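Basically the numbering used here = 1-based index in the sequence shown + 1.
Single-structure report; data block below.
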Amino acid sequence: MLSPLKTPARRGQRLTPARQAILKVLGRSPTPQSPQEILHELKKFKLTINKTTVYRQLESLLSRRLIRAIHLGERSVRYELAHGLAHHHHLVCLDCGKITNIFFPTDLKKQEETIWKKNKFEIFEHSLEFFGRCRTCAEKLKKRPQHKNVPAA
Ligand SMILES: [Zn+2]
Ligand SMILES: [Zn+2]
């Protein structure tokens, strides 16, 4: 895995301590993190940073393409390093919210070229998430008694 701090800042712009800390947090996290989780981790860096600042810094890192946003529904967005892991996709459990990175070969790069030729649409990147139920949740579901006793009110 690359160290996030070795990732060059574009156009010679320096990274503020807050941005460096966010990259560090994301570099340590095995899976994409929500802004709330990032904020929680940032407290360990003894930085005075609030929610608004975190959102602003995330936007800035996004626009420099140092991080990537994973959209997991209308109101749920998580972030990961753009150059952290090798190209991968995600398995998202709809029961417990667990996210697993998954690595497999695809010909999506080829598809992107075809799209460019056909639609003249310039693709910067893609993200692919699979939504379902993880093994732990499936096993819990199996163990659950079929007929529950309704407790008396
Ligand atoms: Zn892909
Ligand atoms: Zn689950």
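By construction, the Cβ of each residue, glycine as well, lies at the ideal position given by its N, Cα and C atoms.
Please read all numbers here as calculations on a predicted model, not as lab measurements.
- Assignment of His72 by DSSP, reduced to helix, strand and coil, places it in the strand class.
- Cβ-Cβ distances below 7 Å link Thr107 to nothing in the same chain once the five nearest sequence neighbours on each side are left out.
- The three-state secondary structure of Arg134, taken from DSSP, is coil.
- In the assembly as shown, His91 is a buried residue. Its beta-carbon has 16 or more other beta-carbons within 10 Å.
- Between Ile50 and Leu59, the CB-CB gap reaches or exceeds 7 Å.
- Excluding its 5 nearest sequence neighbours in each direction, Arg79 has C-beta neighbours in its own chain below 7 Å: Pro33, Gln34, Ser35, Ile71, Leu73, listed in chain order.
- Rounded to whole angstroms, the Cβ separation of Arg66 and Ala83 is 5 Å, and the two are in contact under 8 Å.
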